[in-house]
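Q: Residue numbers for the sequence shown, in this note's numbering: 2 to 244. Beta carbons are placed, not taken as given, at the ideal position from N, Cα and C, and that holds for glycine. Questions regarding the structure given below will be posed in turn.
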Amino acid sequence: MEHCTPDCYEVRRAVPECECDFALRLSMGGLLRLVQEASTRHCTLLGITEERYRETHTAFLLAKLCAQVYRVIPAGAELTLSTRPAAPAKAVYHRYTTLTLEDGQPAAAVDARWVLVDTETKRILRRAPEALGLPFTNPSVPELPILIPKPGEEPLPLGEETVRYSRCDQNRHLNNTRYADILCDYLPPERFFQGPVRELRISYHREVPMGGTLELFSCPAGEGTYFLGRGEEGDCFEASLRF
2 MEHCTPDCYE VRRAVPECEC DFALRLSMGG LLRLVQEAST RHCTLLGITE ERYRETHTAF
62 LLAKLCAQVY RVIPAGAELT LSTRPAAPAK AVYHRYTTLT LEDGQPAAAV DARWVLVDTE
122 TKRILRRAPE ALGLPFTNPS VPELPILIPK PGEEPLPLGE ETVRYSRCDQ NRHLNNTRYA
182 DILCDYLPPE RFFQGPVREL RISYHREVPM GGTLELFSCP AGEGTYFLGR GEEGDCFEAS
242 LRF
C-alpha cells in the first residue's frame, strides 16, 4: 500500500528483523531509518530527486528531532507510516511522521525539523530555489517537545567513536539515524531488559565527516540521560534519551 499527495505520504511496511534488538523489538535507530526512508520516498515521488538537488546545489540537513515510542513494535508487525510535511516557517521545514500498528493505534511518532542549505556556500537558505520545486503547503503539522533538558551537572567522558564507512550517508557524513545507535550502545544493557527507549531528542550542530571522531559525554538530566558529542571543530550534537 502506497498513497502520495504533496501534503501526505502513506506506506505500509513489515518491521524488518534486522532493525530490531535482542528482544525482537524495533530499535530506535531502526525506527528512524524507516521514517527517513518514507520521507525520502515521498520527496522522490514528488520529483524532488538527487538529480534535482545536484542541479540546484542544495541539500536538506536535519537540525532537530524528537521521537516518541508509545508501544512495543515487534519484528514482522505490519506498520502504516504516515508522513506530513509543512510549508517552511522562515528557514525551517517541519515534518511529522506517525507509525501505526494493525489495530489502528499509534505506536510511535517522529517530529523532525530540517533546513535547506546551499552545498557550495554552506549557507542556510530562507527561500528554496524555484527549480527545486518544493510543493509543501500544509500550514502546520503536529509537534512534539523538541527542546533538550539541560543537565544540572558537568557531563562526564564516555568514550570516543570513529565515523566509519558503514555509518555514513551519500554526503560522506555520519547518517542522522546512526546517532541513536551510538547512544544506545553506551547505555547499560540491563536498561533494555525492562523495555525500549521511549523518547529520544537530538539537536544536530555540526556534521561529522567519514573518518572523523566524536568524543562522547553524558550525565543524568531530569528523567533521562543527557549526551554531548564533540568533534575537532566543537560540539556536534546534543541529545536526551528516556526510557
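(1) With C-beta atoms as the reference, is residue 16 less than 8 Å away from residue 75?
(2) Between the alpha carbons of residue 49 and residue 94, how many angstroms are there, rounded?
(3) Work out the CA separation of residue 191 and residue 57 for me, nearest whole Å.
(4) Counting along the chain, where does the beta strand (DSSP E) carrying residue 12 start and finish?
(5) Are residue 116 and residue 92 closer than 8 Å when you measure CB to CB?
(6) What alpha helix (DSSP H) runs, 4 residues minimum, are completely inside the region 180 to 218?
(7) CB-CB under 6 Å to residue 31, same chain, minus the five flanking residues each way: which ones, in chain order?
(8) Are residue 156 and residue 47 close, meaning C-beta to C-beta below 8 Å?
(9) In terms of residue numbering, what span does the alpha helix (DSSP H) encompassing residue 121 cover?
(10) Tell me whether residue 65 is buried or exposed, calling it buried when 16 or more other Cβ atoms sit within 10 Å of its Cβ.
(11) Report the residue from 159, 177, 130 and 160 whose alpha carbon sits nearest the alpha carbon of residue 167.
(12) Assuming residue 82 and residue 98 form a contact by the criterion Cβ under 8 Å, report the distance between their Cβ atoms to the nearest whole angstrom.
(13) Could you pull out every residue in the same chain whose Cβ sits closer than 6 Å to the Cβ of residue 125, ignoring the five residues on either side in sequence?
(14) Give the straight-line distance between the Cα atoms of residue 234 and residue 241, rounded to the nearest whole angstrom.
(15) May I ask which residues mark the beginning and end of the alpha helix (DSSP H) holding residue 163?
(16) From which residue to which residue does the alpha helix (DSSP H) around residue 54 run?
(17) Does DSSP put residue 3 in a helix, in a strand, or in coil?
(18) One question on the structure: do residue 173 and residue 210 come within less than 8 Å of each other, judged by their Cβ atoms?
(19) Which residue comes first and which comes last in the beta strand (DSSP E) that contains residue 239?
(20) I need the DSSP call for residue 28, collapsed to helix, strand or coil.
(21) Work out the CA separation of residue 68 and residue 185 for me, nearest whole Å.
(22) DSSP three-state label for residue 262, please.
(23) Along the beta strand (DSSP E) that carries residue 95, what are the first and last residues, could you check?
(24) Please name the residue, chosen from 55, 35 and 25, that lies closest to residue 171 on a Cα-to-Cα basis.
(25) State the beta-bridge partners of residue 151 as determined by DSSP.
A: Taking the geometry as given:
(1) yes
(2) 14 Å
(3) 48 Å
(4) 9 to 15
(5) yes
(6) 191 to 194
(7) 20
(8) no
(9) Premise fails: residue 121 is in no alpha helix (DSSP H) and is neither H nor E.
(10) buried
(11) 177
(12) 6 Å
(13) 92, 116 and 118
(14) 22 Å
(15) Not the alpha helix (DSSP H): residue 163 falls in the beta strand (DSSP E), residues 157 to 163.
(16) 51 to 56
(17) strand
(18) yes
(19) 235 to 243
(20) coil
(21) 14 Å
(22) A question about residue 262 goes unanswered here, because the residues of the chain that appear run from 2 up to 244.
(23) 93 to 101
(24) 55
(25) Beta-bridge pairing links residue 151 to no other residue.
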